[in-house]
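Take 2 as the starting number for the sequence shown in the working numbering and just add one per residue.
Ideal Cβ positions, reconstructed from N, Cα and C, are used throughout, including at glycine.
Structure, as structure tokens:
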Amino acid sequence: MNGVLRGIARTLFILIVVAAVGIGSFIGISLVYFSRELPNHKQLAEYVPAIGTKVYAGEGAFMTEFASEHRMVVPISQVPKAMIQAVLAAEDRDFYTHNGVNPTAIFRAAVADLTRFQRGQRPIGASTITQQIVRHFLLSNEVSVSRKVKEALLAYRIEHELSKNRILEIYLNEIYLGAGAYGVATAADTYFQKPLDKLTVAETAFIAALPKAPNNYNPARHPQAAKARRDWVLAGMAETGALTPEQAKAAMAEPLAVHFRDPEGEPPGYFLEEVRRELVARFGEKVVYEGGLTVRTSYTRSYQDIADKAFREGLVAYDRRHGWRGAITHLPNAASAQNALSGIADPPGTAGWQLAAVTAVEPSAAHIVLKKGGQGRISVNELRWARKTLDDQRLGAGIGRVSEVLQPGDIVLVEPVAAAAPAGRRGAPQPSAQYALRQTPDISGGLVVLDPKTGRVFAMVGGWSFQQSQFNRATQAKRQPGSAFKPFVFATALENGFSPYSVVEDAPISIPQGPGQTPWEPVNYEGSYVGETTLSDALVHSRNLVTARLAVSVGLPAIAKTVQNF
Numbered sequence: 002m003n004g005v006l007r008g009i010a011r012t013l014f015i016l017i018v019v020a021a022v023g024i025g026s027f028i029g030i031s032l033v034y035f036s037r038e039l040p041n042h043k044q045l046a047e048y049v050p051a052i053g054t055k056v057y058a059g060e061g062a063f064m065t066e067f068a069s070e071h072r073m074v075v076p077i078s079q080v081p082k083a084m085i086q087a088v089l090a091a092e093d094r095d096f097y098t099h100n101g102v103n104p105t106a107i108f109r110a111a112v113a114d115l116t117r118f119q120r121g122q123r124p125i126g127a128s129t130i131t132q133q134i135v136r137h138f139l140l141s142n143e144v145s146v147s148r149k150v151k152e153a154l155l156a157y158r159i160e161h162e163l164s165k166n167r168i169l170e171i172y173l174n175e176i177y178l179g180a181g182a183y184g185v186a187t188a189a190d191t192y193f194q195k196p197l198d199k200l201t202v203a204e205t206a207f208i209a210a211l212p213k214a215p216n217n218y219n220p221a222r223h224p225q226a227a228k229a230r231r232d233w234v235l236a237g238m239a240e241t242g243a244l245t246p247e248q249a250k251a252a253m254a255e256p257l258a259v260h261f262r263d264p265e266g267e268p269p270g271y272f273l274e275e276v277r278r279e280l281v282a283r284f285g286e287k288v289v290y291e292g293g294l295t296v297r298t299s300y301t302r303s304y305q306d307i308a309d310k311a312f313r314e315g316l317v318a319y320d321r322r323h324g325w326r327g328a329i330t331h332l333p334n335a336a337s338a339q340n341a342l343s344g345i346a347d348p349p350g351t352a353g354w355q356l357a358a359v360t361a362v363e364p365s366a367a368h369i370v371l372k373k374g375g376q377g378r379i380s381v382n383e384l385r386w387a388r389k390t391l392d393d394q395r396l397g398a399g400i401g402r403v404s405e406v407l408q409p410g411d412i413v414l415v416e417p418v419a420a421a422a423p424a425g426r427r428g429a430p431q432p433s434a435q436y437a438l439r440q441t442p443d444i445s446g447g448l449v450v451l452d453p454k455t456g457r458v459f460a461m462v463g464g465w466s467f468q469q470s471q472f473n474r475a476t477q478a479k480r481q482p483g484s485a486f487k488p489f490v491f492a493t494a495l496e497n498g499f500s501p502y503s504v505v506e507d508a509p510i511s512i513p514q515g516p517g518q519t520p521w522e523p524v525n526y527e528g529s530y531v532g533e534t535t536l537s538d539a540l541v542h543s544r545n546l547v548t549a550r551l552a553v554s555v556g557l558p559a560i561a562k563t564v565q566n567f
């Protein structure tokens, strides 16, 4: 009997050894197989976060950031203890004790996934912070056994390459936390306009709640889910001893109040785009978007405001002198126009103006309904300029009745009369809600405000609206300089023996263009000439014939040199 038992024991032992060897061999072969395809994890040791280029105005105000990812980097030594505790409570409570993979969490998740699988739900994760870093930098989000094995192998290797604090530092600066914010410091500024060390416990817990699904916990779109997730983190902090139950309960009682930063007016699109193009040309796109540059420009907000106002008023005035091109669209009747109004997008560059539907027309006024709500009227006096635009820059007959310009069913742009009034007549909109008819100019242009001594550019306008067209007419439009080139010709003459009082001939001239070419015979703008005149008088009156004579006299190479020196 004892011999039989010994035989059974020996057989069982052999089977266990064989099974152990088999399992060990399988695991070993699997590890070798998957290890061959692993990416190089050592790149994390040289991790440098992508930091955008911050651009500041001349007086030091922050303007914008050129970045692929908006990130404020903070070393682990400057991350408050409460933030670390909150993140670990939410993402990896055993972070400082495991070796990259947490078997306990894996078992717990596997049990939970059995129920979730029966319900057809996606399995929950048991990834450690180290595994999340591996997935972010080295692997994909593919749901497969092979990816999980690779993730575990890489996490184990990284834990032996980097310290725990370094791994956590990378994580806290790299994770996406919604609203365009990467890293906990950026999230604190984005959601609460605070540095990390000024956050309350509740605010800290909210940021720690975001890594799992930042869009699902966006407080603006999902306030209840966001607060529930925040409170779950606070409860976790109490469970881990980071907070007392009383502290957690007090923090849960706080409302979730985020404070997104309000934009300070419309950014100077043309100016900033010119800065961006110049930086990319000098340093390359990667450095600009990831190299952490700091740029101080000469931009001055007050000059930009003046330039914008002067440019827009000038374009509108010019456009009005060329007549009315018609309504934005026309619908069969006033009711259909009112119904369609809310679905019509505001044209770019029309801030301060409103879309309106014409509901009725009288001889002396048109009645309108505004897209933003309310009613008003446009008097015939506000339509005097709106003569019909004809070919060859001609205008139609003068306006006597409103019906000559507007009809019920028209969709048009309007501006409150008080806002459109000249200086000295501005004030609150009149009780009768008077509006002026507007149209987006059919022309555009460019304007640059600079210091002629230093070349510093204070403001730039490249067109009617940067949203309408990003083509910068101040820097990208290649047009003939026209009479703006004449000062270079006259300056060259002054450097070559002429004086402001030199007498020159304002008379017809024929300049040969070479064999077989028709001679160039310029004329003055008025079609006449005055004969002998002084150099200064010729410049004041922009005389083409004198300029041509000077160019022949001093020579084109000398003029070109003057331009280059300028």
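query: 7 Å Cβ shell around Leu-197 - same chain, five flanking residues per side excluded; result: Val-75, Val-80, Pro-81, Met-84, Val-185, Ala-186 and Ala-189
query: Alpha-carbon to alpha-carbon, Pro-482 and Ala-475; result: 12 Å
query: Residue span of the beta strand (DSSP E) that contains Ile-168, given as start and end; result: Per DSSP, Ile-168 belongs to no beta strand (DSSP E); it is in the alpha helix (DSSP H), 165–175.
query: Among Pro-224, Thr-455 and Leu-257, the one whose alpha carbon lies nearest that of Ala-206; result: Leu-257
query: Cβ-based burial, Tyr-97 [other Cβ within 10 Å; buried from 16]; result: exposed
query: Simplified DSSP state of Pro-558, which is helix, strand or coil; result: helix
query: C-alpha distance - Gln-86 paired with Leu-163, whole-angstrom precision; result: 20 Å
query: Residue closest to Ala-210, alpha-carbon to alpha-carbon, out of Ala-226, Gly-463 and Arg-222; result: Ala-226
query: Where Leu-448 sits in the DSSP three-state scheme; result: strand
query: Sequence-distant residues of the same chain with beta carbon closer than 8 Å to Phe-35, five excluded per side; result: Because Phe-35 sits at a pLDDT of 48, beneath the cut-off of 50, its placement in the model cannot be relied upon, and the point is left open.
query: Cutoff 6 Å; reference Trp-233; Cβ partners in own chain excluding five residues on either side; result: none
query: Beta-carbon contacts of Gly-428 that lie in its chain and below 6 Å, excluding the five residues immediately before and after; result: Here the model assigns Gly-428 a pLDDT of 46, short of 50, so the residue's position is not dependable, and the following value carries that caveat. Contacts found: Ala-419.
query: Rounded Cβ spacing between Glu-533 and Val-555 (contact assumed at less than 8 Å); result: Actually they do not touch by this definition, with Cβ atoms about 19 Å apart.
query: Classification of Ala-311 by the beta-carbon crowding that lies within 10 angstroms, buried from 16 upward; result: exposed
query: Pick from Ser-445, Gly-517, Gln-514 and Glu-160 that is closest to Phe-472, judged by C-alpha positions; result: Ser-445
query: Opening and closing residue of the alpha helix (DSSP H) in which Leu-540 lies; result: 536–541
query: Residue from Phe-261, Asn-219 and Trp-386 whose Cα sits closest to the Cα of Gln-194; result: Phe-261
query: Span of the alpha helix (DSSP H) around Ala-87; result: 82–92
query: Residues near Arg-321 by beta carbon distance below 7 Å, same chain, minus five either side; result: Trp-386
query: Helix, strand or coil at Ser-380 [DSSP, three-state]; result: strand
query: Tyr-57 - containing beta strand (DSSP E), residue span; result: 54–57
query: Span separating the alpha-carbon of Ile-168 from that of Ala-156; result: 10 Å
query: Start and end residues, beta strand (DSSP E) containing Leu-414; result: 411–417
query: Nearest candidate by alpha-carbon position, reference Asn-334, set Gly-410, Leu-384, Ser-365 and Ser-500; result: Gly-410
query: Whole-Å CB distance - Ile-412 paired with Thr-330, under 8 Å assumed; result: 5 Å
query: Counted within 10 angstroms of its Cβ, other Cβ atoms place Ile-28 as buried (16 or more) or exposed; result: The pLDDT assigned to Ile-28 is 48, lower than 50, so where the model puts this residue is not dependable, and the model offers no usable value.
query: Coil, strand or helix - Arg-234 by DSSP; result: Inspection of the sequence shows that residue 234 is occupied by Val rather than by Arg. Here Val-234 sits in helix by DSSP.
query: heavy atom of the ligand NAD below 8 Å from Arg-277 C-beta; result: The ligand NAD is not part of the structure shown, which contains no ligands of any sort.
query: Residue from Ala-341, Ala-357 and Gly-270 with nearest C-alpha to Gln-1; result: The chain is shown only over 2 to 567; residue 1 falls outside these bounds and no answer can be derived.
query: Secondary structure of Asp-507, DSSP reduced to three states; result: strand
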